[in-house]
Structure formats: C-alpha cells, structure tokens
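As they're listed, the protein sequences go chains A and B.
Quick note: the first sequence uses our numbering, first residue 1032, plus one each step.
Quick note: the second sequence uses our numbering, first residue -11, plus one each step.
Note that beta-carbon positions come from the ideal geometry of N, C-alpha and C, so glycine has one too.
Bear in mind the structure is a predicted one, so any value in this text is a computation, not a measurement.
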Amino acid sequence: MKCLSLVCLSIIFSLALVACQPLATAPAAEMPAAAEGPTGTVEVFSWWSGGGELEGLNAIIEVFNERYPNLEFDNAAIGGGDGVNMKTVLETRMLGGEPPDSFQVWAGEGVVQDHVIPGRMEGLDFLYSEEGLYDIFPQSAIDNVSYQGMPYVVPVNIHRQNVMWYRTDKLEAAGIAEPPKTWDEFFVVAEKLKEAGIPAIGGASLGALAFHTYNYFLNSVTDGETYLGLFDGSVGWDTPEVAEALELYKRAMAYASDDWLEVGWGDQTERFVGDYDETPAIILMGDWFWGFIKSEEAEANISWADIPDHQGKYVWVADSFGLPKNAPNREAAIAWLKVVASKAGQDAFNPQKGSIPVRTDGDATLYDDYLKESMEAWRTLELLPFIGGLSRQSFVTDLGNIVNNMLTGHGDVARAQEELMQAAQDAGIGE
Amino acid sequence: MKAASHRTTLATARKVVGAILVVALARWVSPWLRNDRKVAILALAPSIFAVALFIYIFIGWTLYISVSDWNRPVLDLTFAGLKNWRRLFTDPRFHIDLRNLVFFAAGYMTQCIVIGFVLAALLNEKIKGEAFFRTVFLMPFAVSAVVSGTAWRWLQLPSSGINLLIAKLGFENIRPLWYMHPQYGMLAITVMGAWQFSGFVMALYLAGLRAIPDELREAAIIDGAGALALYRYVYIPMLKPVTFTAIVLTGAGSIGNFDIPSIIGTGPGFATDSLGFYMFEQTFRSSRYGLGAAVGSLMLFLSIPVVLPYLISVLREERE
C-alpha cells in the first residue's frame, strides 16, 4: 500500500515539475529548409510490385534520385491487381488523417468522386503552370484529371486497356490463320481450339477484377455514346446491351480451361507466357501485360490484335499521382510530381511499363513496335476511358463482385443486371 | 545584468511555487490514498477509461453509423433510420454469408472440440515424449493465419495439392473441389481453421484433465468403471466448464472469421465469404460505411448469445 502511495506521489511530483518548466522552444520542423531543395523522405503508394511495372517504377525512381539527391524515396508499393490492397490501406490512412506524400490513382471520375470532392486533395494548377503541362499534355488528358477546371493529379502514362493477346503457335496448332475479328468468329475459332484440346480464352478466379473483362464485352456491344452514357446517367443500366454483354461474357467463359475458377490472374498470365496444357490461345488484357511479356522474354509466340468487335476504339487507363492535403513532406511530394510529369521521368518509366507517355513530346525512338503502334492508335482511334476512369471505386468493386458472382455462382443474367442497376444508383451515377 | 538577476528571481519563484504545489497535493492526496477501495479505483481508472473509449464508445459509434446515411467517401451522419439494415437483410450476399456462418461454425467448432479433446485424452495417458507432442499439437496456434491459410490454399487447390496425392494413390476419379465447391466450400475451410485452433483446445482440455483429482479416477476404477465409462461418467462431466469455454472461443471465432476468406478469396458464388470479409469490403472497398457498420453491429449481436451465458456463469461462480 505504501509502495503504491509512493508511486502515485512520484507521478504527481513529476507532473508538477513539468508544469513549472518554462515554455518549450519552437519545434525543429519550423526551421528553414535547406537551401538546396527539399530534404527528408517522400513516401509514395503504388501497386507496382512486380514484372514490367516494377521495372518501370525503378526506372523513374532512378530519375528522381538523380534529380533530388537529398531526398529519400520510400517505395511504399503494395501488390495486388488493380491496387485492390493498396486502395484499402490508402483509404484507412486517409480516414485516419495520415496520408502518404503521394499515391497512385487512376485518372478520371474515380479520383474526383473518392478524393477530390471529399476535400482530400490539393489542386495542382501551380504545378501545371510552372512545368508547362497545360501545353504539353493533350487537352483530353487535362480534362480527365480536372474538376471544375482545376487539375488534381499528374498522369504518368497511358495504357490501352482493350487488347487481345494471342498465341500464334496455339492458333496454328488448331489450323487457324487469323485471330477472330468479331465474337461470331471467336466462337467458330473457339470450337476449333476445343477440338484441338486448347482452351480458347484465359479466365481466372476474378474477384473484383472481373470488371476489366466485363468492360471488353460491354464495349463490344455498345457504341461509344451508349458506353459513356451508362456513366453519365444518360443511359440506364437497364439497357439491353448490359445484359447482352453479360451473356457474351458467360458464353465465352465456357471455352476457358476447366480449372479457370481455381486459378488467379497471376497464374493465368504465367500460363499464357509458358507452355502448359492449360495455356489459352487468347487472353484479353490491357497492355500492362506487354510489360510482363517483355520482362519474361516471351515475345516470340505472342502477338496482339483488337478485341473482337472493338475496331476503332482505344479504351484507355492513365496511372496518375496526386498531392494529398496534409502530405507529411509536401515539398518532397511536389518534387516527385515534377519527376512524374517530366519528359525524362515518363520516357524512363513507360518503355519498361508497357505504356505510352502522356506528354506529346515523348521520345518515340525509345519505344518498341507495339508501343509505337499504340501511340499511333492513341492519335487516331476513338478514345474512351475505361470503367475505373468513369466511375467511383465503389462501383468498380461492385461491378467486379456482381459479374463474378454471376459467372461463378447463380448464373442469372437478369439478376446480375438488377444488381448493376442498384450499384449504379449507389455510386450516384447520373446524379 | 539586471535582466539576468530578474530571470534568476523568476526561476527561484517558480521552483518555490512548484514545491508548495507538490506538498499541498501530497497532503491532500495522501489520506485519500490510504483507502484501499479508492486506490483500486485509481489503479483501474486507466484501463476502465481505455475499455470505455475503445470498446463501448466505439460500439455506440458503430451503431450510430449503422443508422446514418454515410455510404460515400464524404462523411455524412444524417439519420437514415433502418435503411442500411433493410439493405443488409435483403442483400443476397448477406444470406449466403449467414449460410456460410452456419456451415463454418458447425464444422469448425465440432472439429476443434472433438480433435482437441481426443488429443488431450491421448496425452493425458502420460505417454513417452508427451512434451514433444504437446508442442507439436500446439504449434499451429502460434503460426500466423496468413501463413497457414496460404499453405492450406495450396494444399486444397483442386488441380494440385492433396488431389495429386489422391491421384497418385490410384484414385484418379476422386477429385474433390475443396474450397472451390460452390455450395460446401466453406466446410473445406473449416479444416484450415480447425488445424490451427485444435491444439489450443487440446491445451485447455489437458489442463482440465490434469486438474481432476486422482482419487476420483481411482474411486471410479475401484467401482469397476472401464476406460469409456471413466470418460462418460467422470471426465466429460467434470470438463463441462472447459467445454463451455471452448464453445465460446470457437463460436466467437466463427462469427469473427475474416482472415481465411481474405487469403483464399470469396470463392465461386461467395461460397467462402464471411460476414467479417463482407463488412470489410463494404466499408473499405465500396465506401458503404453505414452498411459496413450495420454488418459489424449484427456480428456483435450474433456473438451475444454465444458469450452471454458464459459471462452469466462466470458471475454466478464468483458470487458462489
């Protein structure tokens, strides 16, 4: 008892002593920054943790380190397709008022709805003006990253999302000379491949990633106006094309390998570049896959074409970085954004990543044949943002879950369409 | 010079005032501290405060969010009545998750309790190398759920793992889908959970068995009880409190199941989804904070019938 009293008394005594101390001196953070530029660490979130993505990130980090030797780059990448894990961690950090210095995000409506409108981001007009980005980025990209005329993120690349990759050796083995141009042709080809014992299309236990593949089928059955209308509210999700795309998706998956539900996308991409019984002849994926193919040195038997019924469309994705309010090291974050926007940064990053630069002055000689073709297509085809650039994250997650549940569970197209209508309403599409 | 002397006077004055304050406080607190009850309250105050804040206030906060309209990234605490709850009860995924909970609880609790009991009974026979086996059985409990979940995921992958072993044994036509089964995938998952927790239940039972007095065992044997009768009439009734604890722990574990679906996925048609994962996804991936809070609150309500009888029995024992 006496002991306890002594402990309590000593605590009270210490508190009283503290209370009698003179006021503390000003915190170190208020001291003026070093004259040669920002110092300290810059923590950057991304979901680039492997393959060509990691190589691209490392290349741009190298540019950053050269330009800012006093800054330490903290690569806080969290793996998981489409940033499914990173976005969760980011959301908890944002809600807790502890944002990283900068983070990867898809340009478009998602960042506006999920981060800009809730007041989490700083406007980047000053950076765009200082770095001359208003003149060097295409207007369509600037419009896509802006809200009420203010740009909020800096796009580092353009990916084409709608690409059909095919194995020339597999098609040849089934006696097929040309990849299919329409879905009708695809099903003829798929039957031939089936007879030869080759899965026609790559499928995987998709989880929330099913929205990517659904996007391909949706763009196969809609024109650009209807597709965009689904996201601005001028076309309802009860439109017959939505169901048609679901049907088409379901029908195509009958030609995937028997175990497609058992494997993830990572396994499927490994299979595609390797040589297994389950290696599919065709896989639908964005050209981030090109970075992976190159990093695996598997270009020999792989070629690319438009997704069936997608002729003339360039569905694009732009990875971007923004400046959260209360970024711990704001100056360092701005330094990172300057590198992201720079010619050197974009030309270091994109050839490795398998994407094209957003800057119109990118050095084309650094890019391979596929990417040169993509640059040309970006200039000439109808440009359509992908779903992640047109809607908030909640809709992207819901869409993936709804489609996945239909394909792997109940199989009811009408029910899936009803659920999509509800998800669109929840996401405030058309409000 | 004058300023320096002024500073010294000020510092001395501060010290004197500080000392007077300390003495006054000590005089005032000292008699108060002589009372045991007051000291106990003082000692418990930080934990009471922490529990009140981090558990009960947050439970209240979660309940409040569950009736708010906060289903977008922008904070919106407008009262929305039972909107989120109606949405929850009409969501087909929630219905599947409830079914999954029943499957998981049935499989997981049964396996943990039966396997835990059998292992404890075997070890209680004072076999050679008991300490070794005890450690081996208890080891999975110390392994991270992420590690064991990943290993079991590989083992139960239909195209490889255990199925390859079955095929090697000549039963090529037998190819269970394990956790990929659209209806019963959840039962396969219970094996993962039980593998991890059975050892802990074994430890509970072993401690219980060791606490049973030898005289009772000897008396039963003298009365002609065989091994089975010994368990049926002596051990199992005597181990009722342990079984009760095991039921509470595994029951609460079933309701809070999150790590396994987060590792192996939600399966075909949400066959391996859980309420915990559903809550997580709605809250942090779809920004439906209101709906997520409703799921969280419901999980709390579901755990009440599991935990309440236990708490009542503990309180009754204390009173006795």
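Contacting residues, own chain, Cβ-Cβ under 7 Å from residue i (five flanking each side not counted)
i                 : result
Asn1193 (chain A) : Tyr1247, Asn1250, Ile1338, His1341, Lys1344 and Val1346
Ala93 (chain B)   : Gly239 and Ser242
Ser1288 (chain A) : Pro1230, Glu1309 and Pro1311
Trp1409 (chain A) : Ile1189, Tyr1345 and Ile1387
Interface residues of chain B facing residue i [CB-CB closer than 9 Å]
i                 : result
His1441 (chain A) : Pro80 and Gly257
Contact set between residue i and chain B, taken where Cβ atoms lie within less than 7 Å
i                 : result
Ile1148 (chain A) : Val62
Glu1153 (chain A) : Per Cβ cutoff of 7 Å: no residues; Glu1153 (chain A) is ~17 Å from chain B at best.
Glu1293 (chain A) : Leu145, Pro146, Ser147 and Met168
Nearest candidate by alpha-carbon position, reference residue i, set the options
i                 : options                                       : result
Ala1172 (chain A) : A:Asn1116, A:Arg1198, A:Trp1137 and A:Glu1153 : A:Trp1137
Gly48 (chain B)   : B:Tyr298, B:Phe289, B:Arg307 and B:Val302     : B:Phe289
Phe120 (chain B)  : B:Gly278, B:Trp140 and B:Leu107               : B:Leu107
Phe1417 (chain A) : A:Pro1130, A:His1190 and A:Thr1072            : A:His1190
Gly1081 (chain A) : A:Glu1327, A:Lys1201 and A:Thr1257            : A:Glu1327
Pro61 (chain B)   : A:Val1147, A:Phe1104 and A:Tyr1099            : A:Val1147
Asp1215 (chain A) : A:Met1406, A:Glu1161 and A:Arg1282            : A:Arg1282
Asp1113 (chain A) : A:Trp1078, A:Glu1330 and A:Asp1145            : A:Trp1078
Pro201 (chain B)  : B:Gly158, B:Val222, B:Arg276 and B:Ala217     : B:Val222
Val134 (chain B)  : B:Val4, B:Pro164, B:Phe246 and B:Ser291       : B:Phe246
Gln184 (chain B)  : B:Pro128, B:Ile29, B:Ala14 and B:Ile154       : B:Pro128
Tyr172 (chain B)  : B:Val90, B:Arg15, B:Glu269 and B:Val4         : B:Val90
Phe232 (chain B)  : B:His83, B:Ala281, B:Pro293 and B:Ala7        : B:Pro293
Ser262 (chain B)  : B:Leu51, B:Leu175, B:Gly104 and B:Val236      : B:Leu175
Thr1300 (chain A) : A:Phe1323, A:Glu1103 and A:Tyr1286            : A:Phe1323
Val1371 (chain A) : A:Gly1083, A:Tyr1099 and A:Asp1306            : A:Tyr1099
Cut-off 8 Å between Cβ atoms - residues of its own chain near residue i, not counting five sequence neighbours on either side
i                 : result
Gly1154 (chain A) : Met1181, Pro1182 and Tyr1183
Ile300 (chain B)  : none
Ala1060 (chain A) : Annotation note: pLDDT 34 at Ala1060 (chain A) (below 50); position unreliable, no value reported.
Met1032 (chain A) : In this predicted model, Met1032 (chain A) has a pLDDT of only 41, less than 50, meaning its place in the structure is not dependable enough to derive any value.
Met1437 (chain A) : Leu1277, Lys1281, Asp1443, Val1444, Arg1446 and Ala1447
His67 (chain B)   : The amino acid at residue 67 (chain B) is misidentified as His; the sequence shows Phe. Correct list, in chain order: Val55, Ser56 and Asp57.
Pro170 (chain B)  : Gly255, Pro256, Gly257 and Ala259
Ala217 (chain B)  : Ala208
Sub-7 Å separation of residue i and residue j beta-carbons
i                 : j                 : result
Met1117 (chain A) : Phe1157 (chain A) : no
Gly196 (chain B)  : Val230 (chain B)  : yes
Leu1277 (chain A) : Ala1445 (chain A) : no
Ser147 (chain B)  : Asp1298 (chain A) : no
Pro256 (chain B)  : Leu1430 (chain A) : no
Trp73 (chain B)   : Asp64 (chain B)   : no
Ser285 (chain B)  : Ser56 (chain B)   : no
Ile252 (chain B)  : Arg141 (chain B)  : yes
Cys100 (chain B)  : Ala182 (chain B)  : yes
Thr178 (chain B)  : Tyr96 (chain B)   : yes
Pro1355 (chain A) : Pro1130 (chain A) : yes
Ala1364 (chain A) : Val1185 (chain A) : no
Leu143 (chain B)  : Gly149 (chain B)  : yes
Leu1421 (chain A) : Phe1262 (chain A) : yes
Residues that residue i contacts on chain A, provided the C-beta gap is smaller than 9 Å
i                : result
Arg276 (chain B) : Ser1425 and Asp1457
Asn88 (chain B)  : In chain order: nothing, as chain A lies at least about 12 Å away.
Residue i: contacting residues in chain A (beta-carbon distance under 7 Å)
i                : result
Phe272 (chain B) : Thr1119, Glu1122 and Thr1123
Sequence-distant residues of its chain with Cβ nearer than 6 Å to residue i (five each side left out)
i                 : result
Ile1091 (chain A) : Gly1376, Ala1379 and Phe1380
Leu1397 (chain A) : Asp1378 and Pro1382
Leu86 (chain B)   : none
Ser1425 (chain A) : Ala1458
Amino acids of chain B, ordered along the chain, whose beta-carbon sits closer than 8 Å to that of residue i
i                 : result
Thr982 (chain A)  : Nothing can be reported for residue 982 (chain A), as the shown portion of chain A is limited to 1032 through 1462.
Asp1145 (chain A) : Pro61 and Ser275
Asp1290 (chain A) : Pro146 and Ser147
Asn1250 (chain A) : Residues of chain B passing the Cβ test: none, with the nearest at roughly 24 Å.
Asn1436 (chain A) : Arg81, Gly257 and Phe258
Cross-chain neighbours of residue i in chain A, by beta carbon under 8 Å
i               : result
Asn59 (chain B) : Asp1457
What are the residues of the stretch 138 to 169 of chain B that lie near chain E, defined by any Cβ-Cβ distance shorter than 7 Å?
The displayed structure is made up of protein chains A and B, and chain E is not among them.
What residues in the stretch 1349 to 1376 of chain A have a beta carbon less than 8 Å from any beta carbon of chain B?
For the stretch 1349 to 1376 of chain A, which is checked against every Cβ of chain B, not one residue is closer than 8 Å.
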